[in-house]
Every structure is written in C-alpha cells, then in structure tokens.
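Comments concern the structure below.
Protein chains: 2
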Amino acid sequence: MTKKSPSPEAVVAWARLVRVSRQLVERTEDALKANGLPPLAWYDVLHELAEAGEGGLRPFELIDRVLLAQYGVSRLLARLEADGLVEKLPVSEDGRGQTVRITPSGREMRRRIWTVYGASIAELMGDRLSAQELRTLASLLGRLRDPPAGD
Amino acid sequence: MTKKSPSPEAVVAWARLVRVSRQLVERTEDALKANGLPPLAWYDVLHELAEAGEGGLRPFELIDRVLLAQYGVSRLLARLEADGLVEKLPVSEDGRGQTVRITPSGREMRRRIWTVYGASIAELMGDRLSAQELRTLASLLGRLRDPPAGD
DNA sequence: TTCATATAGATGCAATTGCATCGACAAGGA
DNA sequence: TCCTTGTCGATGCAATTGCATCTATATGAA
C-alpha cells in the first residue's frame, strides 16, 4: 500500500510546531528548576485537582487530562502524596479505587509554581503575539486536536 | 519582585500548543513503533546528516539542530553507528573531534521512516488545515521561536 | 453461588535520560 | 616551552520512564 505524502506547507508547519513547543516547554522547565520548583507535570495535576474541588478526582480521570500513562499518574501521585500536596481517600463504592484530593500545601505549591509558569507564558507567548493572533493560533491548533473536533 | 501575569488568550494558546504538539508527536511515535521503526529523534539526525552531504557534520553541530543535549547526541550517535546507519571519521584539524556521515543504510532507513512519518504529517496536519491555514500557523509559530526573529 | 472476564492502581525490571564529571586535545598568554 | 583555561565528546551513576505484569476488586453470565 502506498502512503500519503504531506504537502510542503504541512511539513513546514509540523516542523515549527514540534520545534517551537519543545523549546518553549524546555525554557519553562528551566525557569521552574532555577526557582527550585517541581516540573510542569506537577502543576498540571495540582491544577486539575484544584479545579475538581473537594470531591477530588479518581486517578484514572487524570490520565487523559494530563496526558500521562497510567503508571505515570500512579507514580506522580505517589510523589505528590509523599510531599503532602495531595491526599488519597478510599472510595466506598469501589474497593479498587481511590479519590485524590489536593491539600492546602498543594494549593500553596500550585500558586508558587504559577508565579513562575505564568510569567513564562506571558514572556514567551503574550509578549510576542497580539491577543488576536493568539486567538487565531489557538483556533488553528484546536483544529488539530484529537479527535477532530470543531472549534 | 512581582512577576508578570499572562493574558487569558496567551494561556489558552499555550495550553493548546503544548497539548496538541504532545498528542501529535505521540501519535507519530506510535505509528513508527507499530511499523517496527526507530523513534523520531533517529529521523531528525539522519535527516540533518543527509542534508549535510558527504562532508558530514560534527556532533556539536547536531546539538542545536536536533534540540538534544550533548550527551543525548553522543549516545544517539553511538546507537546509530552500532546499527551501521552512520560512520564516525576522525577529523584531521581537531584531534578531539570527529565527523559523522550518513551511510547508505542510513539513507535507506531515513526513507523507510519517512514513509510513515510523512504519512502521519499528512494525516495529522495536511488533512485538517488548508495550505493557507498551514502557512498562517507556521508564521505565527515562527514568531514564537527563540531567539525572537522576524518571519 | 461460581467462574470468567474486565477494570483500578501498583510495581519489578529493563531501557532511557539527566547530571556531573572525566579524559583528551586546543588555544593563547607568560 | 609551560601552564591555564576552554572546547569536544564520552561515561558513571542516579533518577525517570516504559513495558509487562501483578494484586485486588468489580461485573456479569451460567
């Protein structure tokens, strides 16, 4: 079977997308490290749990939200728990599972990460594109999401 | 010192950028794996070396081009050499260094990876955005490059 | 019930990555 | 020449990640 060939435009856009996002993430991770803060993945989980509120979330619900493998979530939660940033509660309806909830220290850590993370976003994106351009970018990227969804 | 806060537009664009690029790369890596092919990083290096021609490249020249750390390049080249895809030549003017050149098997492997990689790009980008939209996307992403450069 | 199958989450082990450092050579000043 | 400092590339060791599998519980059919 013959495979499809990408258009030159698609190749250029792909290359930029991959390269730029890697650079930006790397710069942000460096900024966090320089401030003695944990990696972005910690923020992602703390953010999701903060949004989820007192009810918390089941680990399997985190998998798609933070784009991590099951074992990745399992181990990340173990670290967060060891640091007192989240707590695990048994769930009565399902003896296999647990509910994970953010703690006050977790919220505090989330805030501390955000001061650096948010500044990085402002510097790397907000300073370089106008609000209108950012909306256009987000819209185009939205069309690339999986599964294909309207935007 | 008070840190800058990102605009809502910047945050949305950032989130999409990071998430979408991770998804697309992951899907592409999966496609390669499913076809028994090596990771994208192998393609990147083979591609750069193919473009460089017979003169080859010094390892340190690869570092920025493929966005890998020095030790990453060192180890990746060792694997590529072990698989006969590249060869290392001593360089006369600098006794510390070496020149890395792609071999015929390397070119062949590059072609084989591209059939899958290219198809993935076509499917994930080319099928979802028009040529004009792809150009717009590439242009916006170009403005985010580091260091800030006109596009 | 009982048994087969499925799902939630954890984990042993191997492979990979990151960090720090090393050895070798280069470059330039004293 | 000698010595200091810088660059190129490799590597030991620790931390992280990926893969496969495990335990425990749930679910549903017979």
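Chains as they are written, first to last, in the UniProt record's numbering: chain H, 1 to 151; chain X, 1 to 151. Even for Gly, the Cβ is constructed at its ideal location relative to N, Cα and C. Please read these numbers as outputs of a predicted model, since none were measured by experiment.
Proximity test, Cβ basis, 7 Å: residue i and chain X
i: lysine 33 of chain H; result: no
i: valine 12 of chain H; result: yes
i: glycine 36 of chain H; result: no
i: alanine 138 of chain H; result: yes
i: leucine 89 of chain H; result: no
i: arginine 112 of chain H; result: no
i: valine 45 of chain H; result: no
i: threonine 96 of chain H; result: A small correction: the amino acid at residue 96 of chain H is arginine; threonine does not occupy that position in the sequence shown. By this cut-off, arginine 96 of chain H is not an interface position.
i: leucine 62 of chain H; result: no
i: aspartate 30 of chain H; result: no
i: aspartate 83 of chain H; result: no
i: methionine 109 of chain H; result: no
i: alanine 131 of chain H; result: yes
i: leucine 49 of chain H; result: no
i: alanine 122 of chain H; result: yes
i: leucine 80 of chain H; result: no
i: methionine 1 of chain H; result: no
i: arginine 143 of chain H; result: yes
i: arginine 135 of chain H; result: yes
Cβ shell of residue i (< 6 Å), same chain only, five flanking positions each side left out
i: isoleucine 113 of chain X; result: Leu37 and Tyr43
i: leucine 80 of chain X; result: Val86
i: proline 104 of chain X; result: none
i: serine 120 of chain H; result: Thr28 and Ala31
i: asparagine 35 of chain X; result: Val116
Beta carbon proximity, residue i to chain H, threshold 7 Å
i: alanine 73 of chain X; result: It should be pointed out that residue 73 of chain X corresponds to valine in this sequence rather than to alanine. Not an interface residue.
i: glycine 150 of chain X; result: Residue confidence is low: glycine 150 of chain X scores 35 on pLDDT, short of 50, so the model does not pin down where it sits. Its coordinate-derived value is still stated next. No, its Cβ sits nowhere closer than 7 Å to a Cβ of chain H.
i: threonine 115 of chain X; result: yes
i: leucine 57 of chain X; result: no
i: proline 6 of chain X; result: yes
i: serine 21 of chain X; result: yes
i: valine 66 of chain X; result: no
i: glutamate 9 of chain X; result: yes
i: glycine 118 of chain X; result: yes
i: glutamate 54 of chain X; result: no
i: valine 18 of chain X; result: yes
i: glycine 106 of chain X; result: no
i: leucine 77 of chain X; result: no
i: arginine 128 of chain X; result: yes
i: residue 192 of chain X; result: This structure cannot settle anything about residue 192 of chain X, because the visible part of chain X is limited to 1 through 151.
Proximity below 7 Å, CB of residue i to CB of residue j
i: valine 91 of chain X; j: threonine 99 of chain X; result: yes
i: leucine 67 of chain X; j: arginine 110 of chain X; result: no
i: glycine 126 of chain H; j: serine 7 of chain X; result: yes
i: threonine 2 of chain H; j: lysine 3 of chain X; result: no
i: valine 73 of chain H; j: leucine 62 of chain H; result: yes
i: glycine 118 of chain X; j: serine 5 of chain H; result: yes
Contacts around residue i, its chain only, beta-carbon distance under 7 Å, and the 5 residues preceding and following it disregarded
i: aspartate 151 of chain H; result: Only weak support exists for where aspartate 151 of chain H lies, its pLDDT of 38 falling under 50; the value from the coordinates is given anyway. These residues qualify, in order along the chain: Ser139, Gly142 and Arg143.
i: aspartate 146 of chain X; result: none
i: arginine 65 of chain H; result: Glu48
Same chain only: Cβ atoms within 8 Å of residue i, ignoring 5 sequence neighbours per side
i: leucine 124 of chain H; result: Leu24, Arg27 and Thr28
i: proline 148 of chain H; result: No answer about proline 148 of chain H holds up, because its pLDDT of 47 lies below 50 and its placement is not dependable.
i: arginine 107 of chain X; result: Leu46 and Ala50
Cβ pair count under 8 Å reaching 3, the segment 19–39 of chain H against the segment 13–27 of chain X: They touch, by the three-pair rule.
4-residue-minimum alpha helix (DSSP H) runs that sit fully inside the UniProt domain "HTH marR-type" (10–146) of chain X, ordered along the chain: Scanning the UniProt domain "HTH marR-type" (10–146) of chain X for uninterrupted alpha helix (DSSP H) segments of 4 residues or longer gives 40–52, 59–66, 70–82, 104–121 and 131–142, listed from N- to C-terminal end.
Sufficient close CB pairs (3 or more, under 8 Å) joining the segment 52–71 of chain H to the segment 48–59 of chain X: Three or more beta-carbon pairs separated by less than 8 Å are not found between the segment 52–71 of chain H and the segment 48–59 of chain X, which leaves the two stretches without contact.
Three or more C-beta pairs below 8 Å linking the segment 129–146 of chain H and the segment 10–17 of chain X: Yes: the two stretches touch, three or more of their Cβ pairs being nearer than 8 Å.
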